[in-house]
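Written below as C-alpha coordinates is the structure these notes are about.
Numbering (the working numbering), first residue to last: 4 to 80.
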(Lines of atoms letter the chains of each structure in order from A and count residues from 1; the text may use other names and numbers.)
(Lines give C-alpha, C1' and ligand atoms only; values in the text may rest on other atoms or scores of the structure.)
Protein backbone atom coordinates (compact mmCIF):
# COMPACT_ATOMS: atom_id res chain seq x y z
CA UNK A 1 0.00 0.00 0.00
CA UNK A 2 1.40 3.42 -0.95
CA UNK A 3 1.74 6.38 1.42
CA UNK A 4 -1.17 8.08 -0.32
CA UNK A 5 -3.36 4.99 0.07
CA UNK A 6 -2.50 4.70 3.78
CA UNK A 7 -3.40 8.33 4.40
CA UNK A 8 -6.60 8.11 2.36
CA UNK A 9 -7.61 5.00 4.28
CA UNK A 10 -7.00 6.75 7.62
CA UNK A 11 -8.97 9.81 6.54
CA UNK A 12 -11.92 7.70 5.43
CA UNK A 13 -11.97 5.20 8.30
CA UNK A 14 -11.16 7.55 11.20
CA UNK A 15 -12.55 10.90 10.13
CA UNK A 16 -15.44 9.93 7.86
CA UNK A 17 -13.94 11.75 4.90
CA UNK A 18 -15.56 11.09 1.54
CA UNK A 19 -12.90 9.34 -0.60
CA UNK A 20 -14.03 11.36 -3.63
CA UNK A 21 -13.12 14.62 -1.87
CA UNK A 22 -9.50 13.58 -1.23
CA UNK A 23 -7.07 14.88 -3.84
CA UNK A 24 -3.45 16.03 -3.82
CA UNK A 25 -4.39 19.69 -4.24
CA UNK A 26 -7.15 19.69 -1.60
CA UNK A 27 -6.32 21.72 1.54
CA UNK A 28 -6.71 19.74 4.75
CA UNK A 29 -9.10 22.38 6.10
CA UNK A 30 -11.49 21.56 3.26
CA UNK A 31 -11.62 18.03 4.70
CA UNK A 32 -12.67 19.63 8.01
CA UNK A 33 -9.44 18.75 9.79
CA UNK A 34 -8.70 21.20 12.59
CA UNK A 35 -5.52 21.23 14.67
CA UNK A 36 -6.78 18.51 17.03
CA UNK A 37 -7.78 16.25 14.13
CA UNK A 38 -4.41 16.85 12.46
CA UNK A 39 -2.61 15.78 15.63
CA UNK A 40 -4.74 12.65 15.82
CA UNK A 41 -4.02 11.94 12.15
CA UNK A 42 -0.29 12.40 12.74
CA UNK A 43 -0.37 9.87 15.58
CA UNK A 44 -2.37 7.41 13.48
CA UNK A 45 0.11 7.74 10.61
CA UNK A 46 3.05 7.24 12.96
CA UNK A 47 1.45 4.11 14.40
CA UNK A 48 0.35 2.56 11.13
CA UNK A 49 3.44 3.37 9.10
CA UNK A 50 6.02 3.08 11.91
CA UNK A 51 7.45 6.53 11.18
CA UNK A 52 8.38 9.49 13.40
CA UNK A 53 6.66 12.72 12.38
CA UNK A 54 7.43 14.64 15.57
CA UNK A 55 9.29 17.43 13.76
CA UNK A 56 6.97 17.56 10.73
CA UNK A 57 4.64 20.55 10.92
CA UNK A 58 1.35 20.13 9.10
CA UNK A 59 -1.37 22.77 9.25
CA UNK A 60 -4.92 22.84 7.93
CA UNK A 61 -3.66 25.12 5.14
CA UNK A 62 -1.40 22.37 3.78
CA UNK A 63 -2.70 20.12 1.05
CA UNK A 64 -3.18 16.37 1.08
CA UNK A 65 -0.28 16.16 -1.37
CA UNK A 66 2.00 18.06 1.02
CA UNK A 67 1.06 15.67 3.83
CA UNK A 68 1.68 12.62 1.64
CA UNK A 69 5.03 14.04 0.51
CA UNK A 70 6.16 14.81 4.07
CA UNK A 71 5.22 11.32 5.27
CA UNK A 72 6.75 9.65 2.22
CA UNK A 73 10.04 11.51 2.79
CA UNK A 74 10.15 10.15 6.36
CA UNK A 75 9.27 6.59 5.35
CA UNK A 76 11.98 6.44 2.71
CA UNK A 77 14.63 8.24 4.80
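Each residue gets a CB set at the ideal place from its N, CA and C atoms; glycine is no exception.
Predicted, not measured: the structure shown is a model, and the values here were computed from it.
A distance below 7 Å between beta-carbons, with the five flanking residues on each side excluded, links residue 43 to no residue of its chain. Taking residue 31 as the centre and dropping the five residues before and after it, the same chain places the C-beta of 41, 61, 62, 63, 64, 65, 66, 67 and 70 closer than 8 Å to its C-beta, in chain order. Sequence-distant Cβ neighbours of residue 27 in its own chain, meaning closer than 6 Å and more than five residues away, are 67 and 68. Classified as buried, residue 14 has 16 or more neighbouring CB atoms from the shown chains inside 10 Å of its CB. With a cutoff of 8 Å on beta-carbon distance, residue 54 and residue 74 are scored as near each other.
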